[in-house]
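Number of protein chains: 2
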Amino acid sequence: MKNVMLLIALWIFSLPNLQAQEAIFRSQDLISPEMEDNKVTFRFYAPNAQKVEITGDFLPTEKIDSPMGKVDGPGKVTLIKNDKGIWEFKTETLAPELYSYSFLVDGLPALDPNNPFLIRDVASVTNIFIIGGAQADLYKVQQVPHGTVAKRWYPSEGLRMVRRLTIYTPPGYEQSTQSYPVLFLLHGAGGDEEAWMTLGRASQILDNLIAQGKAKPMIVVMPNGNVIQDGAPGEGSKGFYKPQFMIPQTMDGTYEAHFGEIIDFVEANYRVNKEKSQRAIAGLSMGGFHTLHISRFYPNAFDYVGLFSAAIMPRKDATGRVYKDIDATLEQQRDNGYQLYWIAIGETDFLYDANQEFIKKLDAMKMPYTYVETEGGHIWRNWRIYLSQFVPQLF
Amino acid sequence: MKNVMLLIALWIFSLPNLQAQEAIFRSQDLISPEMEDNKVTFRFYAPNAQKVEITGDFLPTEKIDSPMGKVDGPGKVTLIKNDKGIWEFKTETLAPELYSYSFLVDGLPALDPNNPFLIRDVASVTNIFIIGGAQADLYKVQQVPHGTVAKRWYPSEGLRMVRRLTIYTPPGYEQSTQSYPVLFLLHGAGGDEEAWMTLGRASQILDNLIAQGKAKPMIVVMPNGNVIQDGAPGEGSKGFYKPQFMIPQTMDGTYEAHFGEIIDFVEANYRVNKEKSQRAIAGLSMGGFHTLHISRFYPNAFDYVGLFSAAIMPRKDATGRVYKDIDATLEQQRDNGYQLYWIAIGETDFLYDANQEFIKKLDAMKMPYTYVETEGGHIWRNWRIYLSQFVPQLF
Chain R
1 MKNVMLLIAL WIFSLPNLQA QEAIFRSQDL ISPEMEDNKV TFRFYAPNAQ KVEITGDFLP
61 TEKIDSPMGK VDGPGKVTLI KNDKGIWEFK TETLAPELYS YSFLVDGLPA LDPNNPFLIR
121 DVASVTNIFI IGGAQADLYK VQQVPHGTVA KRWYPSEGLR MVRRLTIYTP PGYEQSTQSY
181 PVLFLLHGAG GDEEAWMTLG RASQILDNLI AQGKAKPMIV VMPNGNVIQD GAPGEGSKGF
241 YKPQFMIPQT MDGTYEAHFG EIIDFVEANY RVNKEKSQRA IAGLSMGGFH TLHISRFYPN
301 AFDYVGLFSA AIMPRKDATG RVYKDIDATL EQQRDNGYQL YWIAIGETDF LYDANQEFIK
361 KLDAMKMPYT YVETEGGHIW RNWRIYLSQF VPQLF
Chain A
1 MKNVMLLIAL WIFSLPNLQA QEAIFRSQDL ISPEMEDNKV TFRFYAPNAQ KVEITGDFLP
61 TEKIDSPMGK VDGPGKVTLI KNDKGIWEFK TETLAPELYS YSFLVDGLPA LDPNNPFLIR
121 DVASVTNIFI IGGAQADLYK VQQVPHGTVA KRWYPSEGLR MVRRLTIYTP PGYEQSTQSY
181 PVLFLLHGAG GDEEAWMTLG RASQILDNLI AQGKAKPMIV VMPNGNVIQD GAPGEGSKGF
241 YKPQFMIPQT MDGTYEAHFG EIIDFVEANY RVNKEKSQRA IAGLSMGGFH TLHISRFYPN
301 AFDYVGLFSA AIMPRKDATG RVYKDIDATL EQQRDNGYQL YWIAIGETDF LYDANQEFIK
361 KLDAMKMPYT YVETEGGHIW RNWRIYLSQF VPQLF
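Chains as they are written, first to last, in the UniProt record's numbering: chain R, 1 to 395; chain A, 1 to 395.
Below you can see the structure in the form of structure tokens.
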């Protein structure tokens with residue numbers, strides 16, 4: 001009996017799943033994606049499918065239909081089936097980047113069962129891979145000193161809940177007695193306190209820039225900008241539910257008005273240099289909108305401000321007291337002075353025009369800023385690059 | 001132009017994906033899983049499929065073929081297609097639990113595109129959902145005080161690398177000056193420093209048991225037991241690669257021999273009560289094997305020892321110095337004394353016989369232990385339950 005049990009054990013242990021007794025046998029036992037010389041081969045086993053396609057941001061965008069005519073959509077390529085029922089596609093040489101992809105099997109979405117590395121963006125999950133080199137080496141876990149990443153909960157009296165945030169403390173923080181500068185880093189609509197860590201590779205970027213001597217050791221605080229949530233979907237008390245893109249109250253001023261609580265919490269609980277010269281704030285899309293408004297609502301709090309593809313646009317629900325006296329508070333912020341007001345936008349971003357208008361406004365006000373225009377649109381690829389460019393300018 | 005941009009913006013903002021300009025349109029816009037009175041409806045859109053099945057641990061196991069004949073495998077049920085091409089299956093009332101599932105579309109594995117909550121077990125990814133009530137309420141994020149969960153790196157001189165671990169500090173830790181007891185909690189083969197947090201719901205279980213007054217506030221340290229890794233797949237310097245079940249050197253004594261480094265790191269960096277009476281160790285499967293050997297290799301270090309479905313079996317690679325003098329060190333551990341030596345195993349676990357033999361050995365040695373036998377096999381459901389039962393007995 002003992003030998004039979006051991007044989008069963010060895011057989012089960014040869015399966016790729018510890019839950020072997022109730023295993024869900026999913027693995028196809030292929031290698032996908034396979035990387036060689038920055039070319040990537042994708043494989044998908046589907047002997048009876050009529051068509052297997054792959055779609056992802058490693059492919060050129062294609063024009064797709066929208067209510068306003070053709071707009072840029074994700075590229076798509078059909079894989080070739082071999083005699084074993086395995087569909088395959090090999091890319092040309094890809095530029096360094098973190099890419100995401102998924103398959104379409106006879107038109108239906110399917111994740112790559114051979115790649116367990118996934119990323120959630122709002123309610124969509126895709127597979128990811130990294131082509132190293134250039135800026136993408138910043139997105140990898142390298143053999144350098146690593147900061148600590150903590151998920152911590154802070155009491156918000158204003159929002160009447162205990163809320164979750166992500167906090168990065170740099171390598172050496174725990175052994176040191178010094179106080180550190182702080183960057184508050186805000187997510188976009190549909191994101192949460194997880195987004196900059198997963199989609200944005202923030203801790204890897206910070207670890208690597210600090211190791212290269214290109215960034216000062218700093219604390220990075222990544223709060224949740226959705227004031228009706230206590231934590232990210234699946235991580236808060238609302239449990240598992242399908243995340244939405246636009247969440248009520250995200251751009252009505254509530255978050256900005258209570259942002260001081262987050263600053264207070266961090267300064268009370270971490271060794272933080274509380275001087276304005278040691279405080280930065282930046283955000284992407286909706287987080288850029290929040291950054292704009294927080295930095296002028298607290299007009300003498302931040303010496304460094306970063307708007308990444310900021311969602312600067314008129315909003316019907318922007319009725320909160322935060323949005324009163326926009327011009328006067330911007331002037332106050334200007335007069336108080338700061339080191340850097342950094343605006344970055346992609347040339348095909350749908351918020352491009354809105355950002356140009358904002359810049360004109362700043363020009364008219366003689367409010368200093370640095371403007372960076374890049375290729376591409378409203379995409380995480382740009383936001384990782386913007387973070388990598390912004391952080392070395394801080395403190 | 002501005003109005004057109006705004007219209008495009010509104011259209012894009014109505015999509016479920018912020019990467020709209022390069023969006024991968026995956027969402028099927030169904031509700032799945034839908035829960036009502038602890039019955040769950042699953043839905044999958046596949047108008048052209050011949051057959052859509054669902055497999056998961058909410059279904060009774062079925063006999064499947066193996067080299068040793070029929071063994072228990074995951075249950076499977078076929079969904080019914082409606083005239084809109086949506087396949088549907090509604091369960092009977094399910095008992096409280098965290099369940100995992102995936103679909104099979106014409107025999108091919110597919111995740112639920114309407115459920116972004118996923119869990120990785122070795123190289124397999126499945127969707128998850130929770131039916132609340134009873135023990136499963138411990139697995140939910142409740143509105144109770146939350147501990148902090150940090151991913152931190154410790155220097156291992158013995159393994160010559162800086163290694164990642166997960167550390168849970170209980171609610172109030174940061175505001176307190178007291179020293180806390182510590183539980184070292186070890187994963188199984190194919191797991192890593194993520195496993196107890198994701199599959200094991202350890203931080204939720206601790207938060208909830210502490211809030212209910214059933215467990216003492218404690219620190220929980222979840223290291224990585226794969227000595228050739230510096231971090232979990234995708235989180236360490238090896239980057240993204242397909243995780244394996246049995247990793248070289250996981251059960252050759254290297255981990256156990258260097259475990260003191262982890263204890264030292266935690267005690268040097270956290271407010272830890274260093275008395276034996278305030279130190280516990282437990283692990284599942286391979287982690288139970290590690291627990292057995294660590295607790296007798298350091299025979300006066302732990303007053304609480306937990307073997308959850310422990311992989312007690314002869315291993316060819318168990319040649320390390322740690323495995324010398326097993327009986328003598330067990331006797332030493334017995335003579336030094338301890339509060340609890342807790343052994344739990346499921347009645348259909350393939351390690352059941354091995355655990356019975358170990359118990360006979362302990363009986364013969366007059367080494368005290370507490371034995372708990374449960375239904376079920378070598379599955380996470382049991383390990384969550386074992387953790388929930390073990391933790392209230394500590395300190």
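We put the CB at the ideal spot given by N, CA and C, even for glycine. Keep in mind it's a predicted model, so treat the numbers as computed, not measured.
query	result
By Cβ distance below 7 Å, which residues in the same chain neighbour residue 13 (chain R) in space, the five residues on each side in sequence not counted?	For residue 13 (chain R), the predicted model reports a pLDDT of 47, less than 50, meaning its position is unreliable and no value from the coordinates is stated.
Buried or exposed, going by whether 16 or more other CB atoms sit within 10 Å of the CB of residue 166 (chain A)?	buried
Mind pulling the alpha helix (DSSP H) runs of 4 or more residues that sit fully within the stretch 312 to 365 of chain A?	326 to 336 and 352 to 365
Taking its Cβ as the centre, do 16 or more other Cβ atoms sit within 10 Å of residue 160 (chain R), making it buried, or is it exposed?	exposed
Under the rule that 16 or more other beta-carbon atoms within 10 Å means buried, what is residue 222 (chain R), buried or exposed?	buried
Got a sec, what are the start and stop residues for the beta strand (DSSP E) residue 413 (chain A) sits in?	In the structure as shown, chain A starts at 1 and stops at 395, and residue 413 (chain A) therefore has no counterpart that could be examined.
Pick out whichever of R:277, R:139, R:295 and R:205 has its Cα sitting closest to the Cα of residue 253 (chain R).	R:295
At what residues does the beta strand (DSSP E) containing residue 152 (chain A) begin and finish?	148 to 156
Do you know offhand how far residue 390 (chain A)'s Cα is from residue 387 (chain R)'s?	44 Å
Out of curiosity, what's the CA-to-CA distance linking residue 201 (chain R) and residue 140 (chain R)?	8 Å
Starting from the C-beta of residue 61 (chain R), find all residues in its chain whose C-beta is less than 8 Å away, skip the five residues before and the five after it, and write them out in chain order.	72, 73, 74 and 75
Taking residue 45 (chain R) as part of the beta strand (DSSP E), name the residues at either end of that continuous run.	39 to 45
Mind checking whether residue 119 (chain R) and residue 198 (chain R) have CB atoms under 8 Å apart?	yes
8 Å is my cut-off, CB to CB: does residue 96 (chain R) come that close to chain A?	no
Quick check on residue 26 (chain A): buried or exposed, where buried means 16 or more other Cβ atoms within 10 Å of its Cβ?	Interpretation of residue 26 (chain A) is limited by its pLDDT of 43, a score under 50 that renders its predicted location unreliable; no figure is taken from the coordinates.
So is residue 365 (chain A) buried or exposed if we call it buried at 16+ other beta carbons inside 10 Å?	exposed
Could one say the Cβ of residue 277 (chain R) lies closer than 8 Å to chain A's Cβ atoms, at least one of them?	no
Which one of A:87, A:264, A:374 and A:162 has the shortest CA to CA distance from residue 46 (chain A)?	A:87
Which residues, taken in chain order from the stretch 138 to 156 of chain R, show a beta carbon closer than 7 Å to some beta carbon of chain A?	140, 141, 142, 143, 146, 148, 149, 150, 151, 152 and 153
Taking the C-alpha atoms as reference points, what is the distance between residue 259 (chain A) and residue 235 (chain A)?	21 Å
Measuring straight from C-alpha to C-alpha, what distance separates residue 103 (chain A) and residue 49 (chain A)?	12 Å
For residue 5 (chain A), I'd like the list of residues in its chain whose CB is within less than 8 Å of its CB, leaving aside the five on either flank, ordered along the chain.	Unreliable positioning characterises residue 5 (chain A) in this predicted model, as indicated by a pLDDT of 48, which lies under 50. The coordinate reading is nonetheless provided below. Taken in chain order, the list of residues that qualify is empty.
Quick one, are the C-beta atoms of residue 170 (chain A) and residue 147 (chain A) less than 8 Å apart?	yes
Within the continuous alpha helix (DSSP H) that includes residue 387 (chain A), where are the two ends?	380 to 390
If you draw a straight line from the alpha carbon of residue 280 (chain A) to that of residue 132 (chain R), how long is it in whole angstroms?	42 Å
Note down the Cα distance separating residue 215 (chain A) from residue 79 (chain A), rounded to an integer number of angstroms.	43 Å
Answer yes if the stretch 295 to 304 of chain R comes into contact with the stretch 264 to 272 of chain R, meaning at least three C-beta pairs across the two stretches below 8 Å, and no otherwise.	no
Would the beta-carbon of residue 227 (chain R) fall within 8 Å of that of residue 249 (chain R)?	yes
Residue 402 (chain R) and residue 257 (chain R) look like a contact to me (Cβ under 8 Å); what is the Cβ gap, rounded to whole Å?	In the structure as shown, chain R starts at 1 and stops at 395, and residue 402 (chain R) therefore has no counterpart that could be examined.
So, for residue 379 (chain A): in the same chain, excluding its five sequence neighbours on each side, which residues have a beta-carbon less than 8 Å away from its beta-carbon?	57 and 346
Determine the direct distance from the alpha carbon of residue 89 (chain R) to that of residue 23 (chain R), and round the result to whole angstroms.	Bear in mind that a pLDDT of 35 at residue 23 (chain R), under 50, signals an unreliable position, so the number given afterwards is only what the model happens to contain. C-alpha separation (whole angstroms): 30 Å.
Does residue 248 (chain A) have its Cβ less than 8 Å from a Cβ in chain R?	no
Please compile the residues from chain R whose C-beta is within a distance smaller than 9 Å of the C-beta of residue 114 (chain A).	123 and 242
For residue 130 (chain R), which residues in chain A fall below 9 Å Cβ to Cβ?	239 and 240
Just the Cα atoms here: how many angstroms apart are residue 230 (chain R) and residue 163 (chain R)?	4 Å
I'd like to know whether the C-beta atoms of residue 330 (chain R) and residue 304 (chain R) end up nearer to each other than 8 Å.	no
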